[in-house]
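Here the structure comes first, spelled out in structure tokens, and everything after it is commentary.
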Amino acid sequence: MKILVPVDGSDASTRALQHALALCKAFRSGKLVVMAVDDSLFPGAARKMGAEAAAAHHAESFARLLGPARRLLKRRKVDVEFVERVGDVAPAILDTVAKKKADIIVMGSRGAGGIKGVLLGSVSQKVLAGTKVPVTIVT
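Encoded structure:
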């Protein structure tokens, strides 16, 4: 079983990762695809700041977004792949599900998005509406 776990450093995404680990243990197999999506730059900002500065910005963001997951998985005996994507969160999750051929998505109910999530709509709702694989939402 291949489980896609989108993380953003929030408590909800950490709980989702813990649930995915429990699924791997229960099924005595599985691979985790832990992904983070950096959507912190507005369109066109990367061009204005330059490729090197944008790359440094994304590297810092991915360290922050994936840090809690890396620490949690450090001592676990589980097959894991980390994926870093830049862009809109929900489409990136849906694209990664297809590319990695994930069997299930396990994600937190609310992430670190704050008011952005209210204005643009819930990422979890967009993922639910756009995928054909089962989705587990962890509160």
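Just add 81 to the spot in the sequence shown (first one is 1) and you have the numbering used here.
Each residue gets a CB set at the ideal place from its N, CA and C atoms; glycine is no exception.
Return the residue from the list the options that minimises the CA-CA distance to residue i.
i	options	result
M116	S203, M130, V187, A107	V187
V204	G168, S110, A137	G168
S142	A93, E162, D120, R156	D120
H139	A126, S94, Q206	A126
K158	S110, P87, V219, T217	S110
K83	K155, A93, A97, V161	V161
Considering residue i, what are the terminal residues of the beta strand (DSSP E) in which it resides?
i	result
D160	160-167
L113	112-119
G189	185-189
K40	Since the first residue of the chain shown is 82 and the last is 220, residue 40 is not available in this structure.
Distance check for residue j and residue i, CA to CA, integer angstroms please.
i	j	result
P215	V178	11 Å
V208	P172	8 Å
V164	D176	12 Å
Put residue i into one of helix, strand or coil per three-state DSSP.
i	result
V219	strand
P124	coil
K155	coil
The ligand MN heavy atoms versus the CB of residue i: any closer than 7 Å?
i	result
K106	In the structure shown, the ligand MN is absent, as is every other ligand, since no ligand is present at all.
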